[in-house]
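Count the sequence shown with the working numbering and you get residues 14 to 287, in order. All C-beta atoms, glycine included, are put in the ideal place defined by N, C-alpha and C.
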Amino acid sequence: MGALLALSSAVVYGIVDFAGGLLSRHIHHAAVTFLGQLGGLLLACAAALLLPADAVHTADLLWGALSGVGSGVAMRFLNRGLSRGAMSVVVPVSAVTGVALSVLCGVLVLGDRPGAMAWLGIAVTVPALWFVSGGGGGAGKGTADGLLASAGVAVQYLALGQAASASGLWPVAAGRVAAVLVLLPDAARHARRLKLPPGRCVQALLVGAGAALGLVLYLLAAQRQLLAIAVVLASLYPALPVILGLALLHERISRRQALGLLGAGAATVLLTLG
């Protein structure tokens, strides 16, 4: 059941990233990110109320808030990268690096002991990212944003996984509050960009609600199995935006980048098996 929940989270995140990337090409990425977190806050609070918690402690809410800080950072740079770079490059960079960072932090901080497969996956990540970013021939647009987003992805997953299962979904709700607060200064700087037609506002809110749903599914998965397994399975989400970007948007990538994407996929599989 835990694996299915984690994979469901990956599917939801893949759809959300593709939709958010498209929306960021029509309206400013700051508006997509901030309004999205408001939509996520509404969904998270509703979900937390529908699934009562046995006991919510301050520590659980603080872990959730830290996860929300990671989410805010990840979405800010991810949407900015998607607004000017190829989905088939930006999303894998953020995801596979986020997985590798999560595994390393699990080893250094949480005492996890990955197997040989996981370590091989981490080793494959480095050359894969080199090729995806251009392999020395000039980084693809949005690659730097993808790398910055990956740090937020790692914090998001690791922190949320520390919340006790008895806390229900309130850590996710606390995280949405923290994400809104973190993004508030950037939203204030782009206040005029937030004045959007109602239709665009609804789209941004739905993208954020979808991201919150992905986190809810991930938290439920992390409560039912090892954190490392939940992280890597949930991080399989780049497959959807990459496929949709190549098939529907006719994005073009170089041979080096294609090789890098294959390496990134192999790294994710190795991390999952490890």
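Once the 5 residues before and after residue i are set aside, which same chain residues still bring their CB inside 7 angstroms of it?
i: V25; result: G223, L226, G227 and L230
i: P140; result: G276
i: L209; result: I40 and A44
i: G278; result: none
Spatial neighbours of residue i within its chain, please: C-beta separation below 6 angstroms, excluding the five flanking residues on both sides.
i: L75; result: none
i: Y288; result: Because the chain is modelled from 14 through 287, residue 288 falls outside the range shown and cannot be assessed.
i: F47; result: L196 and A200
i: A186; result: A57, C58 and A61
i: D73; result: A176, A177, S180 and P184
i: A66; result: S180, G181 and W183
i: F64; result: The identity of residue 64 in the sequence shown is Leu, whereas the question assumes Phe. The answer, listed in chain order, is G181 and L182.
i: V168; result: G83
i: G159; result: G94, V103, V106 and S107
i: L207; result: A44
i: G85; result: A192, V195 and L196
i: P251; result: V104, P105 and A108
i: G49; result: A217, V220 and G221
i: M88; result: T46
Span of the alpha helix (DSSP H) holding residue i?
i: S290; result: Here the chain comprises residues numbered 14 to 287, so residue 290 is not present and cannot be evaluated.
i: Y250; result: Per DSSP, Y250 belongs to no alpha helix (DSSP H) and is neither H nor E.
i: R189; result: W183 to R202
i: P211; result: P211 to A235
i: D73; result: T71 to R97
i: G53; result: H42 to L63
i: L163; result: Looking at the sequence itself, residue 163 is Ser, so the reference to Leu does not match. That run of the alpha helix (DSSP H) goes T156 to L173.
Within the same chain, show all residues whose beta-carbon is closer than 8 angstroms to that of residue i, passing over the 5 residues directly before and after it, in chain order.
i: M14; result: R237
i: A16; result: A234, Q238, I242 and L246
CA-CA distance, residue i and residue j?
i: L117; j: L20; result: 22 angstroms
i: A60; j: G188; result: 13 angstroms
i: P198; j: L51; result: 15 angstroms
i: A191; j: L182; result: 15 angstroms
i: L262; j: S80; result: 32 angstroms
i: L95; j: L35; result: 8 angstroms
i: R205; j: V102; result: 30 angstroms
i: L246; j: S180; result: 23 angstroms
i: G83; j: S267; result: 31 angstroms
i: I256; j: F31; result: 10 angstroms
i: P184; j: V69; result: 9 angstroms
i: A217; j: L253; result: 19 angstroms
i: A113; j: A260; result: 28 angstroms
i: R202; j: V215; result: 21 angstroms
i: A271; j: T71; result: 46 angstroms
i: V29; j: P211; result: 19 angstroms
i: R38; j: I135; result: 32 angstroms
Compare the beta carbon distance of residue i and residue j with 7 angstroms and say whether it is the shorter of the two.
i: T110; j: A280; result: no
i: L45; j: G27; result: Contrary to the premise, residue 45 reads as Val rather than Leu in this sequence. Cβ distance not < 7 angstroms, so V45 and G27 don't count as in contact.
i: R213; j: I40; result: yes
i: F144; j: G273; result: yes
i: A234; j: L18; result: yes
i: L283; j: L133; result: yes
i: L173; j: L121; result: no
i: L249; j: A23; result: yes
i: R93; j: H42; result: yes
Comparing the C-beta of residue i with each C-beta of chain B, is any distance below 7 angstroms?
i: D30; result: In the structure shown, chain B cannot be found, because there is only a single protein chain.
Exercise for the section: Spell out a yes or no on whether the region 101-119 and the region 160-173 are touching, meaning 3 or more CB-CB pairs, one atom from each, closer than 8 angstroms. Expected result: Cβ pair count under 8 angstroms is three or more, so yes.
Exercise for the section: Evaluate contact between the region 44-60 and the region 209-223, counting only Cβ atoms and requiring at least three cross-stretch pairs below 8 angstroms. Expected result: Verdict: yes, contact present.
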